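Colleague:
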Amino acid sequence: ACGGSGGDEGTTANSASGASEAPKASGLKVGLAFDVGGRGDKSFNDSAYAGLERAKTDLGAEIKDLSPAADGSNRGELLRQLAEAGYNPIIGVGFAYGEDIKKTAAEYPDIQFAVVDSASNGPNVTGLLFAEEQGSYLAGVAAADKSKTGHLGFVGGVENDLIKKFQAGFEAGAKSVKSDIKIDVKYLTPDGDFSGFKAPDKGKIAAEKMYQDGADIVYHASGDSGLGVFQAAAAAGKQAIGVDSDQYETVKEADLKKVIMTSMIKRVDVGVFEFIKAFKDGTAKGGSDNVYDLKVDGVGLSTSGGFIDDITAKVDEAKKKIVDGSVTVPAKP
Amino acid sequence: MMPAGLQRTLLTLAGAAVAVLLAVAVSSVAILAAGASPVTALEAMFDFGDTQNQVVNAIAFILNRAVPLFIAGLAVAIGFRMNLFNIGVEGQYRLAAIVAAFVGSQFVLPAPIQLTVIVVVAMLVGGLYALIPAVLKVTRGVNEVIATIMLNYIATNIAAFLVRGPFTGERAAGQLTISTPELPESAWFPNLNFLFEMFGLPAPRSGLWGFLAVAVLLGVVVWVVLERTRFGFEVKASGLSASAALASGVNPKRMVISAMVLSGAVAGLIGLPEILGRTHSYGSNFTAGLGFLGIAVALLGRNKPVGIAVAALLFGFLDRAAAPLQFADIPPSVVAIIQGTIVLMVVIANEITNRMSLRHEERRAARQLAATPSQAKTEVAA
Amino acid sequence: MTTSVAAPEARRVRRYHLALLGVALLILLLSLARVVADAPELTSSGTFGAALLLAVPIALAGLGGLWSERAGVVNIGLEGMMVLGTWCAGWAGYQWGAAAALVAGLLGGALGGLIHAVATVTFGVDHIISGVAINLLGPGITRFLSEVLYAQGTAAADKGAGITSSPGLASQAPSVSLPLLSDGPDLLGKLEATHWFLLSDVAGVLRGLTHDVNVLVILAVALIPLTFFILWRTTFGLRLRSCGENPWAAESLGVNVYLTKYIATIISGALAGLGGVFLVFVTTKYVEGQTAGRGFIGLAAMIFGNWRPGGLAVGASLFGYADGLQLRSSHAVTGLLLFGAILLLIYTGAQVRKALAVNGPGVRQYTAAAVAALAAVILLWLWVTVDKLPNEFVFITPHVLTLLVLSAASQSLRMPKADGVRYRRGEQH
Amino acid sequence: MSTSSDTPATVPPAVELDGITKRFPGVVANHDIRMTIRAGSVHAIVGENGAGKSTLMKILYGMQRPDEGRIRINGEDVAFRTPSDAIAAGIGMVHQHFMLADNLTVLENIVLGSEPGKGGILDTAGARSRITRLGESHGLRVDPDRLVEDLGVGDRQRVEILKVLYRGARILILDEPTAVLVPQEVEELFANLRDLKDQGFTVIFISHKLDEVLSIADAITVIRRGTTVASVDPGSVTARQLAELMVGSELPTPETRESTVTDRVVLDVRDVTVRGTAGRPLLSDVTLSVHAGEVVGIAGVEGNGQTELIEVIMGLLPFDEGRILLGEEDITTWSTLRRREAGIGYIPEDRHRQGLLLEASLWENRVLGHQTRKPARKGIWVNRAASRKDTERIVREYDVRTPGIDTLALALSGGNQQKLIVGREMSGEPRFLIAAHPTRGVDIGAQSAIWDHLRTARAGGLAVLLISADLDELIGLSDNLYVIYGGRMVARLDPGQVTPEKLGGYMTGAIAEERS
Ligand SMILES: Nc1ncnc2c1ncn2[C@@H]1O[C@H](COP(=O)(O)OP(=O)(O)OP(=O)(O)O)[C@@H](O)[C@H]1O
Ligand SMILES: Nc1ncnc2c1ncn2[C@@H]1O[C@H](COP(=O)(O)OP(=O)(O)OP(=O)(O)O)[C@@H](O)[C@H]1O
Ligand SMILES: [Mg+2]
Ligand SMILES: [Mg+2]
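Chains as they are written, first to last, in the numbering used here: chain A, 1 to 333; chain B, 334 to 715; chain C, 716 to 1144; chain D, 1145 to 1660.
(1) Taking three-plus beta-carbon pairs below 8 Å as touching, is the stretch 417 to 429 of chain B in contact with the stretch 474 to 490 of chain B?
(2) CB A:PHE34 to CB A:PRO68, shorter than 8 Å?
(3) Excluding the 5 residues flanking B:VAL478 on each side, which residues of the same chain have their C-beta closer than 8 Å to its C-beta?
(4) Quick one: residues in its chain with C-beta nearer than 7 Å to the C-beta of C:ALA872, no 5 flanking neighbours on either side, listed in chain order?
(5) Taking CB distances under 8 Å as the criterion, tell me whether B:GLY649 reaches chain A.
(6) With a threshold of 16 other CB atoms inside 10 Å of the CB of C:HIS926, please say whether the residue is buried or exposed.
(7) Find the residues of chain B that neighbour D:ARG1484, judging by a C-beta separation of less than 9 Å, and give them in chain order.
(8) Whole alpha helix (DSSP H) runs in the stretch 770 to 818 of chain C with 4 or more residues, listed along the chain?
(9) Give every residue of the same chain whose Cβ lies closer than 7 Å to the Cβ of D:ARG1602, excluding the five residues on either side of it in the sequence, and list them in chain order.
(10) Please report how far the alpha carbon of C:ALA1124 lies from the alpha carbon of C:LEU1058, in whole angstroms.
(11) Going by Cα to Cα distance, which pick from D:SER1557, D:ARG1408, D:SER1571 and D:GLY1370 is closest to D:GLU1472?
(12) If you compare alpha carbons, which of C:GLU784, C:GLY839 and C:PHE1054 is closest to C:ILE742?
(13) Cutting at 7 Å between CB atoms, please list the residues of its own chain near D:GLY1640, excluding the five before and the five after it.
(14) In the DSSP assignment, find the unbroken alpha helix (DSSP H) run with A:ASP71 in it and report its ends.
(15) Note down, in chain order, every chain D residue with its Cβ under 8 Å from the Cβ of C:TRP963.
(16) Counting only beta-carbon atoms, is D:ARG1545 nearer than 8 Å to chain B?
(17) Relative to the C-alpha of C:GLU966, which candidate in D:LEU1453, D:THR1476, D:PRO1227 and D:ASP1377 has its C-alpha closest?
(18) Out of D:ASP1229, D:GLY1163, D:ALA1313 and D:GLY1370, point me to the one whose CA is closest to D:ALA1173's CA.
(19) Of the residues that make up the stretch 995 to 1007 of chain C, which ones have a beta carbon closer than 8 Å to any beta carbon in chain A?
(20) Consider the Cβ of A:LEU66: report whether some Cβ of chain B lies at a distance smaller than 8 Å.
(21) Which full runs of the alpha helix (DSSP H) of 4+ residues lie inside the stretch 172 to 259 of chain A, going along the chain?
(22) Does C:ALA866 come within less than 8 Å of chain A when only Cβ atoms are used?
(23) Give the list of continuous beta strand (DSSP E) stretches no shorter than 3 residues that lie fully inside the stretch 1163 to 1212 of chain D.
(24) Identify every run of the alpha helix (DSSP H) within the stretch 1254 to 1298 of chain D, keeping only runs that are complete inside it and at least 4 residues long; order them along the chain.
(25) Among C:ILE981, C:LEU921 and C:ALA816, which one has its Cα closest to the Cα of C:SER886?
(26) Would you check if the stretch 263 to 273 of chain A and the stretch 239 to 249 of chain A touch, i.e. whether three or more CB-CB distances between them fall below 8 Å?
(27) In chain order, what residues of the same chain have a beta carbon less than 7 Å from the beta carbon of D:SER1505, not counting five sequence neighbours either side?
(28) Classify B:LEU346 as helix, strand or coil using the three-state DSSP reduction.
(29) So B:ALA570 contacts chain D; which residues on that side make the cut at Cβ distance below 7 Å?
(30) List the whole-angstrom C-beta distance separating B:ALA655 from B:VAL668, where the pair is believed to meet the contact cut-off of C-beta under 8 Å.
(31) What separation, rounded to the nearest whole angstrom, lies between the Cα atoms of C:THR857 and A:SER47?
(32) So, for B:ALA548: in the same chain, excluding its five sequence neighbours on each side, which residues have a beta-carbon less than 6 Å away from its beta-carbon?
(33) Between which residues of its own chain and A:GLU21 is the CB-CB distance below 8 Å, once the five residues before and five after are set aside?
(34) Suppose you measure from the CA of A:GLU9 to the CA of B:PRO517; what does that come to, to the nearest Å?
(35) Put D:TRP1525 into one of helix, strand or coil per three-state DSSP.
(36) Quick one, are the C-beta atoms of D:ARG1532 and D:ALA1520 less than 8 Å apart?
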């Protein structure tokens, strides 16, 4: 629709022919486009890739994954190239794909799209959403329970709405345990400057300050900068909470492992795989969102290391309240 | 004998060609090291797809990518022509883009007026932001390279503040990107898909951004201004010899300010193709870094509009290859290496060919004069 | 003869004393601001520790800039060289430990310097242009190397590498503290905790600079006087500086200008690379994009410091301090507003006194005084009214400060005369 | 002056040059040069501008390599690759233009390249005492710790010679050392040189000033168009004969025939003072007026305020007090451009720096400085056609030797570049012209052409301010002569009466201020 009225006719005409010209999928051909950083980021993108790989092994899918340019300017182009090469369904990883998926999905109405972290915005688009705030709520509950000083910290990489969901959930969870708990919050860079996800030194300084001021558990949602948070925790003899994947497992350094009390896991792999499976089964219709929340274990807390084994009951209790709807977690701080 | 100008041009072209070839050779080594075949890589780069749709899409992508790069290159080149290093194009276009996107979303007027207002606002903001380093340089002697680098950081942060705060627009539920309010349809730049349809080709999916036309026009205007007007002459003179320009009555302060502001005003347009042609708002996904790429494009194009256009197309072409390369299982950052080496090789080649042609010129003059003095003598004698 | 010999000595001594006095005054004012604004972070050891951590890579990049520019080669490619340094340090470090990371980072940066030297010295390419090309190339090469060497299935990937990061270092660079004072009994720490006026502040500053310091920090700090010594006290340094002042004169005296410029530019790259190594040491691995423009900031710090090692150290510290402060406490940054206001008021007083002393119109002094007074009032007003600055404005504190200082002091800066000038053997300017 | 000390025939010549040829793109700077320089003598080399003297010396000093030919030093074949090789062989060179780093101290400039010290650490104290001793023994006294930028020309010259002596050179090359010195300073220098000769040094001395050459040299070699045309004994040749050898023809004289001075004042400079940053004012209370049809000459040693005077008149340098009038109008606050438009022409002292865009074509250089006036301008446009046509006219009328008007300015020889500038500045129909060193570095043919153009324009009512280091030119062309010293006009003289010696007295401050 970007081209105005003239473009519309062309677009529809093309997409019909496009679909017929595109090589017919012999089987399931799944395309996936990563966010900036690409495959191998040990985080979010890799988690999505794990779901894709599972589709390959479990469902026999032919898979293709593409990474965008460093400035992300070719996201739409990646989707289009996948569509033209006959991939269906196509998944965009990251909320940044929202707009591009919307446009591309309109251009290729016969192809099913999914976008991670952004809501559906087309009849053939499925939003794969994660209730980070719910997972973070549990992290907050665990932290508040474990805290001896009644003082927590939160380090966000980039001050955007996604990360604020983590902050909001964490604060709500902690306050549900101890209403007067103190939570220091620091973001490393403003929105639009993504270096905050790649600055372990800054993460370290921010967390160091929180520990010095008396915080004993710091939750981070700051990508690679989290490494610095763990370092600060190790130096201060305090604890930290990881994010996205089970960082107790992904972090290799023994001294840092020790401080990772738990991680708020976001099962992008599950979301991706389930979507592909649904597509194969013919149940992925698009136009709606699949919300991966506590109910379906799309988010959750990791227990590796056994640091929170003693409070499992409390965490489960909180989880139950969210699942049954008696507690609604805010998505904005 | 060939006219001197033509000869210089030919030599330049030859140098550029050699540089590109060398860069390709260097990158081939890298590709080989990555365990892939350079031939496959080349094929992937030139593989525009099998269907008309794919080819048209590819061409549209290249052009759409080249448009902002071209404008960025022009902006940078205006300063470079007089040895004024406007590293601040990056900040100027970002700030201009957000303000223009916001202002444009606040009213609805007939499309031509609406678009004109947006363009003017963007140029104003870009120009005014460039005025800061210009004034600092002229009045306080602050090095413009450092000032503009600092101002880039400042612009990034101001833009982040604005898009999150005062300029923020409504969002669909579940949308996490923040952006300015969406522009009304009268601010959507009509696309140029008819260019393809004229030849019976399908229209590209992404649409060929109409701003291309503005860019072409801008290129012509910049060329005319730089090559044909008194102002352009003064820019050239200041660039070739600041001291000679000064002694000739060119006011260096005025030149710094006007060239910088002009550069900033052009820079203000860099973000508009994307905003008016695709996103219709300034959001947190806004393409960053075009200002720095613009420097590379301007260098490749030797600070001349036609050269910049070629360089922008080359960059667009290479950027498009990122996806096909991945289809061929070749690391897409090969593109970055090719771009980097091309720039380095081309600036070196420029230097060599420039020196060669100057030396050639001297020799030629001496040779021709060696033939004439006898005539001159006889004239005097007669 | 004696007087003329003694004169520069005396000048030097005076400058040195002046610097000491300045530092003392600054700390006094800071502690005043700390008390009045109730922002302990202004002088806490944590802030100064963070400032040191953040200042070191900037200072190293700045030193890199100093070496090349003193030899007449403008180096805007520091950022690209630093990126090369971080990648190489990460790559060697995960395999062979911190010492290997150090060497590899130095070499990586030096490679960038070599490219710059080939382009500018041998081929006479404009220095800014070559630097821009290197900034383009650095991230491209490293990304490519990561894509090839850290791809899934490689040994590195199993050790935790990804396309955006290397595996962790095999061994860490050691850190040290000053015994007794900032470690163990930690006397300085105790003194700091008392929050006494001035005493605690001094203790905080000292402890911040001596507690748990990476060996590379010590090396980096030592490099500043060392650079001064080499450039101003050795024969090689004299030759190097002569290339930046008048390469034709140097050439006519048998100095190999090309070689000297090559060496200087390669050292410049190596120092930028060392800055990259430091970043890797802090994060214990290579992370893509972790340089975050520090090469440019280093260049700014060097210009800020008037192409002198001491000056660039001040510039880098300013950046490190402002950044560290904002990372630790947004509230304390508003305290900085008060500090700025006090400084401006002092400046106003000085200008007014000067204007009164001058037996002339002294218009310039009056305007300066008026502008400074106005700025002071604005800052004070901001301090009183603003409770918490939006983060975006906190982030840009160091950049705005640099701009302000440059616009106040640019006219007294003096860059090497032949800096950035294209030099060709046998050709006169 | 040819008091050659008797040297045994066994002592080999200090320098022998045999068939030296050096080609530059488009120029053969040296062609089959042959000469022999006796040890312990002062050997002068003379030749026109561009004859190839400096090139030859640079070859001898290892800065450039000859394409052909052999060099023998003290009887031994040498092949210098760099100046260090030459320095090692005992050769030192003082360049035509100062080769000093302004921001370094005298000491640093002197020791650079052969620094004393252990383990790479500079031994400043040792160097200082050595320089002081050296200075005292040769009468070349300078303060080793001062920055060179604070020194005057004479001191800089001394630093240059100290540099050479410091390296223990026995063969000294002095390329036009006297160009920037006043007669009294020249005498001091010559005393130094004789002293050096007596101590056994060999001196190669280049100068255009033939009287000087005749007074100091023991032998003279003449170079014309890159080749040695004669070796003469100073005792048996006159200045005139020498000059004719150099040029290969009669000497022109810059004599002004009849006075065309009117009583209409065109330029009036009143009490202009420029304080500058450091204590001493650059110009103080300068007053002078130039009438239509008059050439006013300014004599002075370089660095006494001439440059500032020109820049003040052109509006390039702000001044603290005083006024400047052009005709009736007060132009004190006018911009450079407006002054040019009002009819001030400017032949700058440094044509490469201020007069030309070397990498632009001749016609674009025609536009330079005239970009706001016809024929170069049409509205906001540059009128290319008209500019090109007018450039062709200049090339024709001023005999600029060039392949065409699209040729880049840098391809022209200095003289032709200068003729282009003169033609351009005359074509703006100026009322007033600043001619700063209009014939510097220009060969004799071009020189007299430029003089003719100036005379013609003067006859047509042009007011000219002439600044020159060439006293003959000044005396010959001027209707009125001022002497500038230390930023003041110290004397106003009648060029018909004055002798070069007297002029020199005023120029050095040896004769006190006087107004005639
Ligand atoms: N590096 C160079 N490249 C090209 N041409 C050169 C170079 N050096 C000298 N020339 C040319 O060689 C010729 C001889 O120049 P040289 O400087 O030796 O003359 P000169 O006798 O010293 O003149 P002057 O009296 O002006 O000093 C001139 O035509 C000059 O332009
Ligand atoms: N070192 C040099 N390198 C390159 N070209 C040179 C050099 N010296 C002179 N030339 C060129 O040789 C030509 C003739 O120069 P020439 O020596 O006659 O004038 P000039 O002496 O340089 O003028 P001036 O005496 O004012 O310096 C010019 O085109 C000049 O650019
Ligand atoms: Mg010459
Ligand atoms: Mg010469």
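Positions of the beta carbon are idealized from the N, C-alpha and C atoms, including for glycine. Predicted model, so just to flag it, every value in this text is computed and none were measured.
Modeller: Taking the definition as stated:
(1) yes
(2) Reading the first sequence from its first residue, position 34 is the one you call residue 34 of chain A. Reading the first sequence from its first residue, position 68 is the one you call residue 68 of chain A. Going by C-beta atoms, A:PHE34 is nearer than 8 Å to A:PRO68.
(3) Position 145 of the second sequence holds residue 478 of chain B. So the list reads PHE418 and ILE420, once near-sequence residues are dropped.
(4) As a first step, residue 872 of chain C is located in the third sequence; it is residue number 157 there, counting from the start. Correct list, in chain order: TYR865 and ALA866.
(5) Taking the first residue of the second sequence as position 1, residue 649 of chain B is located at position 316. Judged by the 8 Å Cβ criterion, B:GLY649 is not in contact with chain A.
(6) In the third sequence, residue 926 of chain C corresponds to position 211, counting from 1. Label assigned to C:HIS926: buried.
(7) Taking the first residue of the fourth sequence as position 1, residue 1484 of chain D is located at position 340. Residues of chain B passing the Cβ test: SER581 and GLY582.
(8) 793 to 811
(9) If you number the fourth sequence from 1, residue 1602 of chain D lands on position 458. THR1404, GLY1437, VAL1439 and VAL1608, listed in sequence order.
(10) By one-based count along the third sequence, residue 1124 of chain C stands at place 409. By one-based count along the third sequence, residue 1058 of chain C stands at place 343. Those two C-alpha atoms are separated by around 15 Å.
(11) Position 328 of the fourth sequence, counted from the start, is the residue given in the question as residue 1472 of chain D. That would be D:ARG1408, whose Cα lies nearest to the Cα of D:GLU1472.
(12) On the third sequence, position 27 is the one that residue 742 of chain C refers to. When only C-alpha atoms are compared, the closest one is C:PHE1054.
(13) For the purposes of this step, residue 1640 of chain D is identified with residue 496 of the fourth sequence, where counting begins at 1. Correct list: empty, nothing qualifies.
(14) As a working note, residue 71 of chain A is residue 71 in the first sequence. Unbroken run through A:ASP71: none, as it is neither H nor E.
(15) Residue mapping note: residue 963 of chain C aligns to position 248 of the third sequence, counting from 1. Under the 8 Å cutoff, chain D gives MET1243.
(16) Walking along the fourth sequence from the start, residue 1545 of chain D turns up at place 401. True, the Cβ-Cβ gap to chain B drops below 8 Å.
(17) As a first step, residue 966 of chain C must be located in the third sequence, where it is residue number 251. Checked all of D:LEU1453, D:THR1476, D:PRO1227 and D:ASP1377; the closest Cα to C:GLU966 is D:PRO1227.
(18) As a position in the fourth sequence, residue 1173 of chain D is number 29, starting the count at 1. Looking at the Cα atoms, D:GLY1370 is the closest of the given residues.
(19) VAL997, THR998, THR999, LYS1000, VAL1002, GLU1003, GLY1004, GLN1005 and ALA1007
(20) Translated into positions along the first sequence, residue 66 of chain A becomes position 66. So yes, A:LEU66 belongs to the interface.
(21) 200 to 212, 226 to 236, 247 to 250 and 254 to 257
(22) As a working mapping, residue 866 of chain C is identified with position 151 in the third sequence. So yes, C:ALA866 belongs to the interface.
(23) 1171 to 1181 and 1186 to 1191
(24) 1268 to 1282
(25) Locating residue 886 of chain C in the third sequence gives position 171, where the first residue counts as 1. Checked all of C:ILE981, C:LEU921 and C:ALA816; the closest Cα to C:SER886 is C:ALA816.
(26) yes
(27) Taking the fourth sequence and counting its residues from 1, the one referred to as residue 1505 of chain D is at position 361. Cβ within range, chain order: ILE1549, ASP1550, THR1551 and LEU1552.
(28) In the second sequence, residue 346 of chain B corresponds to position 13, counting from 1. Note: B:LEU346 maps to helix in three-state DSSP.
(29) Looking up residue 570 of chain B in the second sequence gives position 237. Within 7 Å Cβ-Cβ: LEU1501 and LEU1512.
(30) Position 322 of the second sequence holds residue 655 of chain B. Position 335 of the second sequence holds residue 668 of chain B. Yes, they are in contact, since the Cβ atoms of B:ALA655 and B:VAL668 sit about 5 Å apart, within 8 Å.
(31) As a working mapping, residue 857 of chain C is identified with position 142 in the third sequence. As a working mapping, residue 47 of chain A is identified with position 47 in the first sequence. Approximately 24 Å between the Cα atoms of the pair.
(32) Here residue 548 of chain B refers to the residue found at position 215 when the second sequence is read from its first residue. Closer than 6 Å at the Cβ level, and outside the excluded window around B:ALA548, lie VAL400, PHE403 and ILE404.
(33) On the first sequence, position 21 is the one that residue 21 of chain A refers to. Because the pLDDT of A:GLU21 is 39, which lies under 50, any placement of that residue in the model is unreliable, and the number read from its coordinates should be weighed accordingly. Counting only Cβ-Cβ distances below 8 Å, and skipping sequence neighbours, we find nothing.
(34) Along the first sequence, one-based indexing puts residue 9 of chain A at 9. Along the second sequence, one-based indexing puts residue 517 of chain B at 184. Residue confidence for A:GLU9 is low, a pLDDT of 37 falling below 50, so the modelled location carries little weight; the figure read from the coordinates is stated next. Their backbone Cα atoms lie some 21 Å apart in a straight line.
(35) Within the fourth sequence, numbered from 1, the residue matching residue 1525 of chain D stands at position 381. Looking at D:TRP1525 - three-state DSSP - the assignment turns out to be strand.
(36) Position 388 of the fourth sequence, counting from 1, holds the residue named residue 1532 of chain D. Position 376 of the fourth sequence, counting from 1, holds the residue named residue 1520 of chain D. No, the pair does not count as a contact, with Cβ atoms beyond the cut-off.
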